[in-house]
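Following: one structure in structure tokens, then a few remarks.
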Amino acid sequence: MTEIRTPSERECTRCQRHERWSDEDEQWRIDGDEAGDVHCVHDWDVTGTFTTVPGDAPDHEA
Ligand SMILES: [Zn+2]
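So this is what it looks like as structure tokens:
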């Protein structure tokens, strides 16, 4: 069985916005009260280690 490890948390290095991945909603949600700068071009510093899968583009429709 191949387990794909994906980041579950990320933080913007510019505005300190902190998000956590929601498996239920399948989208990033703001973690905590700090939403950061809505005009920020977020530069995510992903927490933890993970392996990216080449070819596993999010816009790929099976
Ligand atoms: Zn930001």
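Heads up: the sequence shown is residues 15 to 76, going by this note's numbering.
Cβ coordinates follow ideal geometry from the N, Cα and C atoms, glycine included.
Sorry if obvious, but does the Cβ on residue i come closer than 7 Å to a heavy atom of ligand 1?
i	result
His32	no
Gly50	yes
Arg28	yes
Could you tell me the boundaries of the beta strand (DSSP E) in which residue i lies?
i	result
Val60	58-60
Ser36	32-36
Glu23	23-26
What residue from the options has the CA that sits closest to residue i's CA?
i	options	result
Glu33	Glu23, Asp39, Glu40	Glu23
Trp35	Arg43, Cys29, Arg28	Arg43
Below 6 Å CB to CB, which residues in the same chain sit around residue i once its five sequence neighbours on both sides are set aside?
i	result
Gly46	His32
Please confirm if residue i has its CB atom under 8 Å from at least one CB of chain D.
i	result
Asp59	You won't find chain D in this structure, because it holds only one protein chain.
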